[in-house]
Amino acid sequence: MKVLVPVKRVIDYNVKVRVKPDKSGVDLANVKMSMNPFDEISVEEAVRMKEAGTATEVVVVSIGPQQAQETLRTALAMGADRGILIKTDVAVEPLAVAKLLAKVVAEESPELVLLGKQAIDDDSNQTGQMLAALLDWPQGTFAYKLEKDGDKLTVTREVDGGLQTVSLALPAIVTVDLRLNEPRYASLPNIMKAKKKEIVEKSPEDYGVDVSPRLTIVQVTEPPVRQGGEKVEDVATLVAKLKTAGAV
Amino acid sequence: MAVLVIAEHHHGGLSDATHKVVTAASKFGGDVDILVAGENAGAVAPEAAKVSGVRKVLKAEGETLRKQTAEAMEALVVPLMANYDAVFIAASTTGKNFAPRIAAKLDVMQLSEIVEVVDQSTFVRPIYAGNAIMTVKSADAKKVITVRGTAFPAAGNDGSASIEDVAAPSGPFKSEFVSEEMVKSDRPELTGAKRVVSGGRALGSSEKFQEFIIPLADKLGAAVGASRAAVDAGYAPNDYQVGQTGKIVAPELYIAIGISGAIQHLAGMKDSKIIVAINKDEEAPIFQVADYGLVADLFVAVPELTAAL
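In order, the protein sequences belong to chains A and B. Take the first sequence: its letters are residues 3 to 250, numbered as in the numbering used here. Take the second sequence: its letters are residues 1484 to 1792, numbered as in the numbering used here.
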C-alpha cells in the first residue's frame, strides 16, 4: 500500500523560544529549525513498513516556506521515496492543512496517511483528525503500535489510563505518539542519495484551497515567571518549609 | 446563545474534568447544556444534572457510543451543533480525539487546550510547550474548544437540570473498538491530584522507582508521575508521563525526584503551586522553577523525607 506522510518544519525542540518584544509572536529569525519530532516517528514507521514489504511507496508532503524543502530532504534521506512541497509563506492553520492534504490524498490515493499527533510549535493536535473527517476515513490517533491485518489496520493507542486497541478499515488516518518507534538518523550516503529524489513544488492555489487564517493572533506573551525559589540545606529544613507553606 | 459541554465519564461516574469544563463554558456566557454520551449514559446523566449552572442534560445512550469513538461522536454532535454557538470539550485523550473531527465537519478551526475565556471570540492558550501564551480571536461562526482542566476550578453540585433523550447514532462505523488495557491504580488520578510525586531517569530501574517513589507518594496520598526519560526506560508506565506530550498537571504540591527539568517536562507541571526538586546535580534546570530545591542523592534523601512526613 501507498503511504502518505505529512511533515512539518518547526523550531527545534531543544531551542528555548523567545517571545518578540512587540508581542506579535515568537522570534523565529536565526533559530534552528527541524522536522517536528512526531513527524520523524511517522516517517520512520512508514519506512519500516516499506522495509517489511507492507508499504510499496512512501510519499512525504510538507506545507510551508521554501525551506520546508530541507525537511522533505531529511525525510527522503530517512527512506521516503519522493516529496511534495506546497509552498506558502502564510502560517497555515490545521484546518487549511487538512484541506490541502485531502486534495493530495485525492491525487495520490494512499491507503494510509501517517501523521504526527501534534506539532510542537502550535501544540494543536488537530490536523490528522480533521483530515479523517474531511475524507470520512476512520482514524487511529496517538498510535503506540500499528499492524496491518488484511484490509484492516490494528492500532493500539495511548489513552489516559492506559492503552486502547481499535481496528480501522483501510484507507485510514493514523497519528503517531512518541513511543511508536525510535527514528533513525540519516546516513551520509542516504543524504547524498536523497538529493536525487524528486520533490514536486506546488502552491495552495494549485489545489484551490483558501489558506487564509480563521484565527487572528491578538498577542503572544511570555508565560508568568515563577518566583525564584530557594535551595534548602537538608530534608529536615525541607519538611519544615513545606509545613510552614501548608503543603504537607 | 447556548453552549454545549460534552461530559467525560468513566465506569458510570462523571469525571471531575466535566465540572471544570462547565466553569470554562459558563465564562463564555449563555445557557450551558451538558451532553452525556455513552453506553451507560443513563447512569451518568443524573449526576450531570446536578452540576451547578446547567440548563439541561442531553442523554445519548447506545452501544455505538461506547468509548466515545471519534466517528460516533462526530455523527452525534455535528447535527446538535445547529442549536449551539460553541461546544466545550475536556482536553483529554478522548476529547482531543473527537473534537477536531467535529470542528472540521463544521468547517471551523478548533481552539485547543484553552486556559482562559476572554470573550465569546477571544481565548488564551499556551503554545511552544507552554513557553509562550497566545491570545487568539476566532472569526468562525461556531466555536469548537478543548479546555485544559487545570486552568479552571470545578463547578459545584447544586444544580437541578432536566434530562432530555437524544438518539444515539446508528453504526456501523469504519473503526471499531477492540480492547483496552488500563493501568490499575488505587491512587488519585494524575491530572486531578492535589499532590504529585514524579520520578525521573536518575531512579535507574523500575524496581528503584517502586522502592523510592511509591512509599513517598503513599505517605502523601499523592498521584505518581514520571518524566519521559523514566517512561522510555521502562521504569514507569506511559500513562504516568508528565509533560508536553503526556499529562498536564497543576497540583498544590509537585515533587520532582531525579528529574533534570527539560522544557518538555516543565510544560506539564510548571503551573503547580509549590514545586520541590530533589536532584544531585545543582545545575539541573529544575531548580530554576522549584520553590524548594534540595541538592542531594535521592536514594538517601527520599527515604529520609518519607520517614519525616
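Heads up, the beta-carbon is just placed ideally off N, CA and C, and yes, glycines get one too.
- Taking a Cβ-Cβ cut-off of 7 Å, the neighbours of residue 221 of chain A in chain B comprise 1618, given in sequence order.
- Residue range 84-89 is occupied by the beta strand (DSSP E) that includes residue 89 of chain A.
- When secondary structure is reduced to three states using DSSP, residue 1665 of chain B falls in the strand class.
- Note on residue 160 of chain A: 16 or more other CB atoms within 10 angstroms of its CB, so buried under the neighbour-count rule.
- The three-state secondary structure of residue 185 of chain A, taken from DSSP, is coil.
- Within the stretch 1660-1688 of chain B, the residues whose Cβ lies closer than 7 Å to some Cβ of chain A are 1660, 1661, 1662, 1663, 1664, 1665 and 1666, listed in chain order.
- Using a Cβ distance threshold of 8 Å, residue 1582 of chain B and residue 1629 of chain B count as a contacting pair.
- In this model, residue 1612 of chain B and residue 12 of chain A are separated by some 13 Å (Cα to Cα).
- The closest CA to that of residue 1563 of chain B, considering only B:1677, B:1647, B:1699 and B:1765, is found on B:1647.
- By the rule that beta-carbons nearer than 8 Å mark a contact, residue 1487 of chain B does not touch chain A.
- Three or more Cβ pairs closer than 8 Å define a contact, and the stretch 1522-1530 of chain B meets that threshold against the stretch 1538-1552 of chain B.
- Your pair residue 222 of chain A and residue 27 of chain A checks out as a contact, with CB atoms roughly 5 Å apart and the cut at 8 Å.
- Of B:1689, B:1686 and B:1620, the smallest CA-CA separation from residue 1599 of chain B is found for B:1620.
- Residue 1655 of chain B is not bridged by DSSP to any residue.
- For residue 1645 of chain B, the enclosing beta strand (DSSP E) begins and ends at 1645-1648.
- Contact between residue 68 of chain A and residue 89 of chain A holds: their C-beta atoms lie close to 6 Å from each other, under 8 Å.
- Contacts with chain A at 8 Å (Cβ-Cβ) do not include residue 1782 of chain B.
- At least one C-beta of chain A is nearer than 8 Å to the C-beta of residue 1610 of chain B.
- By alpha-carbon distance to residue 1665 of chain B, the top candidate from B:1693, B:1484 and B:1493 is B:1493.
- The criterion of a C-beta distance shorter than 8 Å is satisfied by residue 77 of chain A and residue 62 of chain A.
- For residue 1787 of chain B, the uninterrupted alpha helix (DSSP H) segment begins and ends at 1781-1791.
- Against chain A, the beta carbon of residue 1772 of chain B has neighbours under 9 Å at 228 and 231, listed in chain order.
- Residue 1781 of chain B places its beta carbon 8 Å or farther from that of residue 1703 of chain B.
- Neighbours of residue 167 of chain A in chain B, taken as residues at a C-beta separation under 9 Å, are given in chain order as 1660, 1661, 1662, 1663 and 1664.
- Taking a contact as a CB-CB distance under 8 Å, the pair residue 180 of chain A and residue 1587 of chain B does not count as one, their CB atoms being some 24 Å apart.
- For residue 122 of chain A, the chain B residues whose Cβ falls inside 9 Å of its Cβ are 1611, 1612, 1727, 1728 and 1747, in order along the chain.
- Per DSSP, reduced to three states, the secondary structure at residue 201 of chain A is strand.
- Taking 8 Å as the cut-off, the beta carbon of residue 85 of chain A is found closer than this to the beta carbon of residue 199 of chain A.
- No Cβ-Cβ contact shorter than 8 Å links residue 60 of chain A with residue 107 of chain A.
- Among the CB atoms of chain B, none fall inside 8 Å of the CB of residue 84 of chain A.
- For residue 1622 of chain B, the three-state secondary structure derived from DSSP is coil.
- Rounded to whole angstroms, residue 38 of chain A and residue 123 of chain A show a C-alpha spacing of 8 Å.
- Judged by DSSP secondary structure, residue 1539 of chain B falls within the beta strand (DSSP E) whose first and last residues are 1539-1544.
- Interface annotation, residue 131 of chain A: in contact with chain B, CB-CB separation under 8 Å.
- Counting along the chain, residue 1509 of chain B sits inside the alpha helix (DSSP H) bounded by residues 1499-1511.
- Residues of the same chain with a CB within less than 6 Å of the CB of residue 149 of chain A, apart from the 5 flanking positions on each side, are 156 in chain order.
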